[in-house]
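Oh and the sequence shown: position 76 is 224 in the numbering used here, straight run, nothing missing. In this text, a Cβ means the ideal position worked out from N, Cα and C, and glycines have one as well. Just so it is clear, the structure is predicted and the values come from calculations on it, not from any experiment.
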Amino acid sequence: DNRGRVPVNSRFQSVLPNVYAIGDCIAGPMLAHKAEDEAIISAEGMVGGPVHIDYNCVPSVVYTHPELAWVGKSEEDLKSEGVEYSVGKFPFAANSRAKCNNETDGLVKILGDKHTDRLLGAHIIGPGAGEMINEAALAMEYGASCEDIARVCHAHPTCSEAFREANLAAWSGKAINNM
Numbered sequence: 149d150n151r152g153r154v155p156v157n158s159r160f161q162s163v164l165p166n167v168y169a170i171g172d173c174i175a176g177p178m179l180a181h182k183a184e185d186e187a188i189i190s191a192e193g194m195v196g197g198p199v200h201i202d203y204n205c206v207p208s209v210v211y212t213h214p215e216l217a218w219v220g221k222s223e224e225d226l227k228s229e230g231v232e233y234s235v236g237k238f239p240f241a242a243n244s245r246a247k248c249n250n251e252t253d254g255l256v257k258i259l260g261d262k263h264t265d266r267l268l269g270a271h272i273i274g275p276g277a278g279e280m281i282n283e284a285a286l287a288m289e290y291g292a293s294c295e296d297i298a299r300v301c302h303a304h305p306t307c308s309e310a311f312r313e314a315n316l317a318a319w320s321g322k323a324i325n326n327m
């Protein structure tokens with residue numbers, strides 16, 4: 149294409165029938181974990197298996213301190229698509245584990261569909277964001293609602309409780325342990 153990427157079909161096959169491409173040389177984010185999934189899916193497809201990847205469920209992480217991580221839609225995406233959504237936020241300053249570790253900078257922000265409550269996006273800045281975002285990716289891949297996540301028991305004290313609390317806020321309008 150005009151950016152030097154190899155065009156592929158839904159099975160990662162190029163215009164040459166026996167040449168497949170994945171990862172950084174095709175469209176999409178340049179992420180090792182995306183390329184790994186594409187490799188597995190491409191190989192399965194070559195032997196007749198199903199081919200499925202939802203790029204909306206591929207998480208991104210910036211390995212800084214504090215970490216940044218996100219998956220799914222942003223508020224800007226949802227506004228431009230005309231999707232009505234709810235927002236739930238929970239600060240790490242109100243999270244027991246973050247306080248114990250003296251890592252209270254940041255928050256978890258959840259975007260849920262206003263009508264169906266389906267999780268549409270998760271954005272995290274704070275301790276363990278790169279680990280915690282995987283819970284959001286899993287929930288989105290399986291179509292979970294914010295209520296589904298809020299009703300899952302999370303170990304205490306853990307930073308991932310902030311993820312639960314933000315989903316609770318998106319679903320019901322209020323987190324339990326917020327300041």
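Taking the CA atoms as reference points, LEU259 sits about 31 Å from SER190. In the assembly as shown, ARG299 is an exposed residue. Its beta-carbon has fewer than 16 other beta-carbons within 10 Å. In this structure ASN204 touches GLY220 by the C-beta definition: roughly 6 Å separates them, less than 8 Å. In this structure, the alpha-carbon of ASN250 lies about 41 Å from that of HIS200.
If you compare the alpha carbons of SER293, LEU179, PRO275, GLU283 with that of THR264, the shortest gap goes to SER293. Within its own chain, the residues whose Cβ lies closer than 7 Å to the Cβ of PHE238, once the five positions on either side in sequence are excluded, are LEU255, VAL256, ALA310, GLU313, ALA314, ALA317, ALA323, ASN326, listed in chain order. Residue environment: ALA217 is assigned as buried (16 or more neighbouring CB atoms within 10 Å of its CB, all protein chains considered). Counted as a single uninterrupted DSSP element, the beta strand (DSSP E) harbouring ASP261 occupies residues 255 to 261.
For TYR168, the closest C-alpha among the options ALA246, SER244, GLY193, TYR290 is that of GLY193. DSSP lists GLU215 as the bridge partner or partners of GLY274. Minimum Cα-Cα distance from ASP225 among the listed residues VAL156, GLY274, ALA270, ALA187 corresponds to ALA270. In the DSSP assignment, SER208 falls within the beta strand (DSSP E) that extends over 208 to 210.
Going by beta carbons, GLU215 and ILE297 fall outside the 9 Å limit. In the displayed model, SER293 falls within a strand according to three-state DSSP. ALA242 places its beta carbon 9 Å or farther from that of CYS307. In the three-state reduction of the DSSP assignment, LYS182 falls in the helix class. Excluding five sequence positions before and after MET288, the CB atoms of its chain that fall closer than 6 Å to its own CB belong to CYS205, GLY220, LEU267, given in chain order. Using a 10 angstroms sphere on the CB of PRO198, the tally of other CB atoms stays under 16, which defines it as exposed. Taking each of PHE240, PRO165, SER208, ARG159 in turn and checking the Cα distance to HIS181, the smallest one comes out for SER208.
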